[in-house]
Amino acid sequence: MPKEFIATPRRTKEVLKKYGFSFKKSLGQNFIIDANILQNIIANVNITSSSGVIEIGPGIGSLTEQLALHSKKVLAFEIDQRLLPILDDTLAAYDNIQIIHEDVLKADLNEAIQLHLTDVTDVHLVANLPYYITTPILMSVLQQQTEIQSMTVMLQKEVAERMAAVPNTKAYGSLSIAVQYYTEASVVMDVPRTVFMPQPNVVSSVLKLEKRATPPVDVVNEEQFFSIVQACFVHRRKTIRNNLLNYFKEQYEKEEIKQILDTTGIDGIRRGESLTMDEFAKLANAFASQ
Ligand code: SAM
Numbered sequence: 004m005p006k007e008f009i010a011t012p013r014r015t016k017e018v019l020k021k022y023g024f025s026f027k028k029s030l031g032q033n034f035i036i037d038a039n040i041l042q043n044i045i046a047n048v049n050i051t052s053s054s055g056v057i058e059i060g061p062g063i064g065s066l067t068e069q070l071a072l073h074s075k076k077v078l079a080f081e082i083d084q085r086l087l088p089i090l091d092d093t094l095a096a097y098d099n100i101q102i103i104h105e106d107v108l109k110a111d112l113n114e115a116i117q118l119h120l121t122d123v124t125d126v127h128l129v130a131n132l133p134y135y136i137t138t139p140i141l142m143s144v145l146q147q148q149t150e151i152q153s154m155t156v157m158l159q160k161e162v163a164e165r166m167a168a169v170p171n172t173k174a175y176g177s178l179s180i181a182v183q184y185y186t187e188a189s190v191v192m193d194v195p196r197t198v199f200m201p202q203p204n205v206v207s208s209v210l211k212l213e214k215r216a217t218p219p220v221d222v223v224n225e226e227q228f229f230s231i232v233q234a235c236f237v238h239r240r241k242t243i244r245n246n247l248l249n250y251f252k253e254q255y256e257k258e259e260i261k262q263i264l265d266t267t268g269i270d271g272i273r274r275g276e277s278l279t280m281d282e283f284a285k286l287a288n289a290f291a292s293q
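The numbering of the sequence shown is our numbering, which starts it at 4 and goes up by one.
So this is what it looks like as structure tokens:
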């Protein structure tokens, strides 16, 4: 156990000064300076000393250090080359961390897991995500279908709420369906701006996504399912009938859309935000059987 963790204001300032490091806003660099918050986050992930952990964006290593202390091996992807010598220095005491200098959006996670996380019992992703690309990162990980069992990530509160939202709430939309099709999503806690350096403009939350073994609904054509969900939320205040008419005006006649809706028993005057995932699946499967 180190005398002082990396995640303190004093050590963070010391590291930044030693390397003359300046934050890049364009890379979403807001470092955590509170080890208690990190330990709280880790307590919410089911990791053990035999688990493997993937981290996105280690920064100067504050979360990486805590993950190394609580798991068997940490594999961290960092895009900013300037941080590599810093991480070599701050994490020198740990022999169970592998840093990969790569844009995580371009990474082949399955290959990385096979190469670097061989003798672990389970794999989890834990990250304080760069806020400019939270949704693309999460969707790319989900769609790659990896061994990752859970993802526990810090992101903007508003986005976390949208991802975990239930029907008939303001936050519920196509993002909620996309995320919940692959995972069970829950907001674990809110995190104040004061635990970051520099402080972001927004409040953050920790979101936990647990991978589902199979999707909660049966859809005939996934791509079409997601298009229909998207279509129903284009204008939140419009009825699903009007949204569908608008979205599919090149492909379907008004009468055809009416007939499809009739076969599902879903009232066309409802709004997208009132439809459950089951109902969206029913609607999409009715379109697929046309
Ligand atoms: N984990 C550190 C912490 O909690 O203090 C830093 C988190 S900071 C919010 C986000 C980190 O992600 C930065 O280190 C940034 O350079 C890195 N990053 C940004 N875009 C990335 C990308 N596309 N791939 C990998 N890392 C990225």
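All C-beta atoms, glycine included, are put in the ideal place defined by N, C-alpha and C.
Taking buried to mean at least 16 other C-beta atoms within 10 Å of its own C-beta, is Met154 buried or exposed?
buried
Measuring straight from C-alpha to C-alpha, what distance separates Ile100 and Ile44?
Looking at the two C-alpha atoms, the distance is approximately 19 Å.
Can the beta-carbon of Ile35 be found less than 9 Å from the beta-carbon of Val198?
Here Ile35 is near Val198, since their CB atoms are less than 9 Å apart.
Could you give the distance in angstroms between the alpha-carbon of His104 and the alpha-carbon of Ile82?
6 Å
Is it buried or exposed for Tyr135, if we count other Cβ within 10 angstroms and need 16 for buried?
exposed
Exposed or buried, which one is Gln183 when buried takes at least 16 other CB atoms within 10 Å?
That one is buried.
Is Thr197 a contact residue of ligand 1, with contact defined as CB to any heavy atom under 8 Å?
no
Please name the residue or residues paired with Gln101 in a DSSP beta bridge.
Leu78
Could you check which residue in Ala79, Gln148 and Pro195 has the C-alpha nearest to that of Leu158?
Pro195
What span of residues does the alpha helix (DSSP H) with Gln42 cover, start to end?
It spans Ala38 to Ala46 - the alpha helix (DSSP H) in which Gln42 sits, taken as one unbroken run.
Return the chain-ordered list of same chain residues with a C-beta closer than 6 Å to the C-beta of Ile339, the five sequence neighbours on each side being excluded.
Only positions 4 to 293 of the chain appear in the structure, and residue 339 is not among them; the question remains open.
Any heavy atom of ligand 1 within a distance shorter than 8 Å of the CB on Val48?
no
Pop quiz: Arg244 and Arg274 are said to be a contact at Cβ under 8 Å. What is the actual Cβ separation, rounded to whole angstroms?
That belief does not hold up - the Cβ atoms of Arg244 and Arg274 are roughly 10 Å apart, past 8 Å.
Using a threshold of 9 Å, state whether the C-beta atoms of Ala115 and Glu58 are closer than that.
no
Output needed for Leu264: all residues of its chain with C-beta closer than 6 Å, excluding positions within five of it in sequence on either side, in chain order.
Gly271
On the premise that Pro61 lies in contact with Ala79, defined as a C-beta separation below 8 Å, what is that separation, rounded to the nearest angstrom?
4 Å
Cβ-based burial, Ala291 [other Cβ within 10 Å; buried from 16]
exposed
Touching by the beta-carbon criterion (3+ pairs, under 8 Å), the stretch 158 to 178 and the stretch 206 to 217:
yes
Given a threshold of 16 other Cβ atoms within 10 Å of its Cβ, counted over all protein chains shown, does Lys28 qualify as buried or as exposed?
exposed
Hey, how far is the Cα of Gly31 from the Cα of Pro203?
9 Å
Ligand 1 and Ser53: does any heavy atom of the ligand fall closer than 8 Å to the residue's C-beta?
no
Cβ of Met154 versus every heavy atom of ligand 1: is any distance shorter than 8 Å?
no
Is it buried or exposed, Val206, if we count other Cβ atoms within 10 angstroms and call 16 or more buried?
exposed
DSSP beta-bridge partners of Lys214:
Thr186
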